[in-house]
Amino acid sequence: MRRFLRPGHDPARERLKRDLFQFNKTVEHGFPHQPSALGYSPSLRILAIGTRSGAVKLYGAPGVEFMGLHHENNAVVQIHFLPGQCQLVTLLDDNSLHLWSLKVKGGASELQEDESFTLRGPPGAAPSATQITVLLPHSSRELLYLGTESGSVFVVQLPAFRSLEDRTISSDTVLQRLPEEARQRRVFEMVEALQEHPRDPNQILIGYSRGLIVIWDLHGSRVLCHFLSSQQLENVCWQRDGRLIVSCHSDGSYCQWPVSGDSQQPEPLHSCVPYGPFPCKAITKIFWLTTRQGSTFAIFQGGMPRASYGDRHCISVVHDGQQTAFDFTSRIIDFTVLVEADAAAFDDPYALVVLAEEELVVIDLQTPGWPPVQPPYLASLHCSAITCSHHVSNIPLKLWERIIAAGSRQNTHFSTMVCPAPRPALRAPRPPGPGSLLTVSVVFPQEWPIDGGTSLAPAPPQRDLLLTGHEDGTVRFWDASGVCLRLLYKLSTVRVFLTDTDPSGSLNAQGEDEWPPLRKVGSFDPYSDDPRLGIQKIFLCKYSGYLAVAGTAGQVLVLELNDEEAEHAVEQVEADLLQDQEGYRWKGHERLCARPGPVHFEPGFQPFVLVQCQPPAVVTSLALHSEWRLVAFGTSHGFGLFDHQQRRQVFVKCTLHPSDQLALEGPLSRVKSLKKSLRQSFRRIRRSRVSSRKRRPAGPPGEAWPDPRQGQEGSTRAERTGLQNMELAPVQRKIEARSAEDSFTGFVRTLYFADTYLRDSSRHCPSLWAGTNGGTVYAFALRVPPAERRMDELVRAEQAKEIQLMHRAPVVGILVLDGHSVPLPEPLEVAHDLSKSPDMQGSHQLLVVSEEQFKVFTLPKVSARLKLKLTALEGSRVRRVSAARFGSCRAEDYGEHHLAVLTNLGDVQVVSLPLLKPQVRYSCIRREDVSGIASCVFTKYGQGFYLISPSEFERFSLSTKWLVEPRCLVDSAEPKNHGRPRNGSGPETALSRARNSGSQSDGEERRSGPVMEHALLNDERVLKEIQSTLEGARGSSGDWHSQRVAVAYSLSNGGGRGSGHCCPVRGAPGEG
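Count along the sequence shown from 1, then add 2; that gives the number in the numbering used here.
Structure follows, in structure tokens:
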């Protein structure tokens, strides 16, 4: 056996590694977890969202994003932009104020925290005396008014947060300026509202919770007029012309108060309880907006009848005789209305922006019917819990356009305003002609109203798809080419099965005369009709358009892309993985019942065959070979091969061990076997101690001798003896052999198709490889008829090899290398001239990756050649592995194929092929974040995605060449006349995307993870929420199976977050 010697230092190789590898956490896709505050700048046209973990995220035009994190992990309570400035103030729940600025550095803007401040009261004062309840940035841009629980209004000077005590407006001062009749009531409590006069900056409105509203003259320190309501005050809105004040109250009413120079208290012009006369909940916020046509918009939150609809989360819009109560499926955090510029005579609102706890919803107020606007970012990834993900890079243009066309037919309910400027074209990775451009048909169906900033990032060099499987049986297709993760198409598998609900039923079904006039909006729907519908595995062939989807109840669907509607029956085939073996009884859930007869399908991916595994256990592995028209599937009981062209089963193989009783209990029965699991753990520890005492003294400590009853062949014993006497590098420990009695040994972890030399070295043939949880690798030789006789002759399969790894660790990856030690290309990749033909002259090699080691075998003899024992490094185990091509940032045509590896410690590593030499190692995910590690998926060009919360993917890159980098610019020096929505890609826009939290300059050492991830993963609730989702996805099957997918790219806002140098983005080899 080859000895493992520590390699020497090679300066040339070290320089080359710097050109190939660089770790960056680039961008967070999805919706911020646990949002707590909303802010909007009309001048910058930027939206700000604060979270409970102390993060501040800014969004403008598509591709424009910033993020910052407070030093304290306190919740952000309020966010306010300073008028006309690239600055904002945040209030945290610890009563501290923070000033943030967007500053230009190196041609791009960065979000930085400038100052922090905590309001202090006089010695001995109660904490409520300075507890801030409301903020008012004054139009002078120099003052900040702070309303408190004590009823006082404090004034601080910006940007230094200097308290101006002589300008404090105390409740006693206001009380002395009121008429005698108003002083006799306890009208002072906390300050609920602070508003500046729309026309006169010398006047501010102060609203107190007991119902008193005063207009205060700042220069004269006097009350100009006051209004007194009999109900508790919730909020106030000042009409644009300053002549009318609208207040909302705790009894579900709102009142209109005329503003005049008379100091006498006027009576309200109008008082209304919109959803009375029965008791209603409070209206917590209201907008009263004018239009050129003369009619007004009344937009308010709450006010629903307490008894019947008190649990609804609603915002009502009333205009010109039309009233709609938008009903959200999650709690409303805050909302704002986008109106014309301040200089305009009328508000003319054009969009309602609502931040709910689980999604952002924008309503178009200019289109009749007030339809929702599809957001280009802030997608609610977890509208149904994510159960798996799959990435495909470099999508052909034709398939891309067909997916978008199918998705556009699903978006007819969205606003249909047309964008004036098209999205920039994407350059073809391999242009068909000199100077040619490939125009990507990505049409934004509406004009996005939050369009501030200018994105300086280059156009994505290729088209990438991220597919997510969900608990409700849907698969969502996301455009993952650039910074914005945008939904392209949604596939539902529910129609194939009989469920309790009709899939064609509308959530909005309600009679016209119903009151209140509720309308459901938003996509967040966490409830699944049947947990068995959950998607567990996805495999898409980007060349043929075939898609395989597998679920929780053993269902495997094969789908093909159809541009037209269709109605047909889905053929069903049953695969008995137990092969009628006696003594086994399935104790888990029942199978899903397929819908009989023809089923109507929308344009898009349509299923044509259903393979139902028996027992209906969770599908744990899936592979699709579209050229051979074969699909392979595996569960905890075995695996099978299906010919989806002839609609027939080729074979099934039972891998169940007699001790695998847990595999028959289903995901809900695992708790019953806790005692057995503990017993097995203690047995394993005892075996380890006994075997260590039996070793020869000359042998290195740490390895247990395998049980002689395992019956290994002579060559295996010789290999074992060689291992015993091997001289190891100091960093490695030897691996303990596992017992065959460990549970779930038959669990199929990975499936792999390859055209290689399996029987002899003279002929190559199609083959299927399967790896199990017990360290067994099965190899089947396949005979696939030629295309002209494909429908006449049957596909034949015969088991050719069976490899048993001595340490019996779970097999998580299988890969065949050609004669040049390059991974075999994907099916149809060579036929489309997108890859070189594999070298079939030299000898092929088989790479088997288990949780504990990498091992290379020669083919067809299957003799061990090389080995790397990863578990010897600090006890780490492989959780994800994928082959990736790493291009050099200096030499355009140079690249290397390596393995990207994720361990249970959260480290990502690059291991060379075929020599299995570790290249680089980075800390990526916290080792405590088991769910984040389980959700990770690698791409074909050295990127990856993993969940940092139930609603957010963190994107990272290991490559210097492929980065998705948001670079943005904000410049508010020149006044801009912002009116109707406009496109954010032109130079006239005021912001661009940047993200500076955790960013670094070249040469700095990388920090320990991004700030946002650190904040989220310090919250145990986040970890538990992700863990519960993924455990439901895994069921009884353990860890997810790694999907071998593809991608490329990087992200930063000027500085990047990685170590080392940053290299320009270049195109990937792609189709012409």
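Where a beta carbon is used, it is the ideal one built from N, C-alpha and C, also for glycine.
How would you write the range of the alpha helix (DSSP H) that residue i sits in, first residue to last?
i      : result
Glu831 : First-last for Glu831: undefined, no H or E at that position.
Leu915 : Note, Leu915: premise wrong, no alpha helix (DSSP H); not H, not E.
Pro13  : Pro13 to Leu22
My assumption, with CB atoms under 8 Å, is that residue i sits in contact with residue j. Please give the rounded CB distance.
i      : j      : result
Tyr545 : His834 : 6 Å
Leu121 : His82  : No, Leu121 and His82 are not in contact; Cβ-Cβ is about 15 Å, not under 8 Å.
Ala459 : Pro85  : About 29 Å separates the two Cβ atoms, so there is no contact after all.
His627 : Leu658 : In fact, because the Cβ distance is near 25 Å, the residues do not count as touching under 8 Å.
Asp21  : Ser890 : 5 Å
Val238 : Gln267 : Contact doesn't hold; Cβ gap of about 16 Å is too wide.
Ser382 : Glu359 : At roughly 11 Å, the Cβ-Cβ gap does not stay under 8 Å, so Ser382 and Glu359 are not in contact.
Val498 : Pro609 : 6 Å
Tyr943 : Ser525 : About 30 Å separates the two Cβ atoms, so there is no contact after all.
Phe782 : Ala756 : Not quite, the Cβ-Cβ distance comes to about 11 Å (not below 8 Å), so this is no contact.
Based on DSSP bridge pairs, tell me the residues matched to residue i.
i      : result
Trp259 : Ile247
Val883 : Val903
His392 : Leu469
Asn26  : Ser959
Asp219 : Gln205 and Arg224
His627 : Leu632
Tyr42  : Leu49
Tyr943 : According to DSSP, which records beta bridges pairwise, Tyr943 is partnered with nothing at all.
For the beta strand (DSSP E) holding residue i, just list the boundary residues, first then last.
i      : result
Ala110 : Ala110 to Thr120
Tyr780 : Thr778 to Arg785
Leu177 : Where Leu177 is concerned, there is no enclosing beta strand (DSSP E), although the alpha helix (DSSP H) it sits in stretches over Ser173 to Gln178.
Gly815 : Val813 to Leu819
Arg308 : Per DSSP, Arg308 belongs to no beta strand (DSSP E); it is in the alpha helix (DSSP H), Arg308 to Tyr311.
Gln806 : Arg798 to Gln806
His646 : Segment: none, His646 is in no beta strand (DSSP E) and carries neither H nor E.
Arg751 : Val750 to Thr758
Asp329 : Gln324 to Phe330
Tyr61  : Ala57 to Tyr61
Ser103 : Ser98 to Lys107
How big is the Cα-Cα spacing for residue i and residue j?
i      : j      : result
Ser837 : Pro829 : 10 Å
Lys919 : Leu146 : 60 Å
Thr501 : Thr495 : 11 Å
Gly556 : Gly471 : 15 Å
Gly278 : Ile405 : 48 Å
Arg879 : Leu357 : 41 Å
Leu246 : Gln258 : 7 Å
Gly213 : Pro203 : 24 Å
Gln24  : Leu520 : 52 Å
Leu18  : Asp329 : 57 Å
Lys963 : His31  : 21 Å
Ala550 : Phe541 : 5 Å
Phe644 : Gln651 : 4 Å
Arg314 : Val275 : 17 Å
Val157 : Gly108 : 36 Å
Leu971 : Tyr61  : 12 Å
Leu993 : Thr28  : Residue placement at Leu993 cannot be trusted, given a pLDDT of 33 that sits under 50; what the coordinates show is reported in the next sentence. Going by the C-alpha atoms only, they are around 19 Å apart.
Cys88  : Lys522 : 36 Å
Glu569 : Glu604 : 9 Å
Thr135 : Asp322 : 34 Å
What do you reckon, is the C-beta of residue i under 7 Å from a heavy atom of the ligand FAD?
i      : result
Leu380 : With respect to the ligand FAD, the structure shown offers nothing to examine, as it has no ligands at all.
Grouping DSSP H, G and I as helix and E and B as strand, with all else coil, what is residue i?
i      : result
Glu403 : helix
Ala184 : helix
Tyr491 : strand
Ile935 : helix
Thr418 : coil
Pro920 : strand
Ser483 : coil
Asp474 : coil
Are any of the Cβ atoms in chain C nearer than 8 Å to that of residue i?
i      : result
Tyr311 : Absent from the structure: chain C. Only one protein chain is present.
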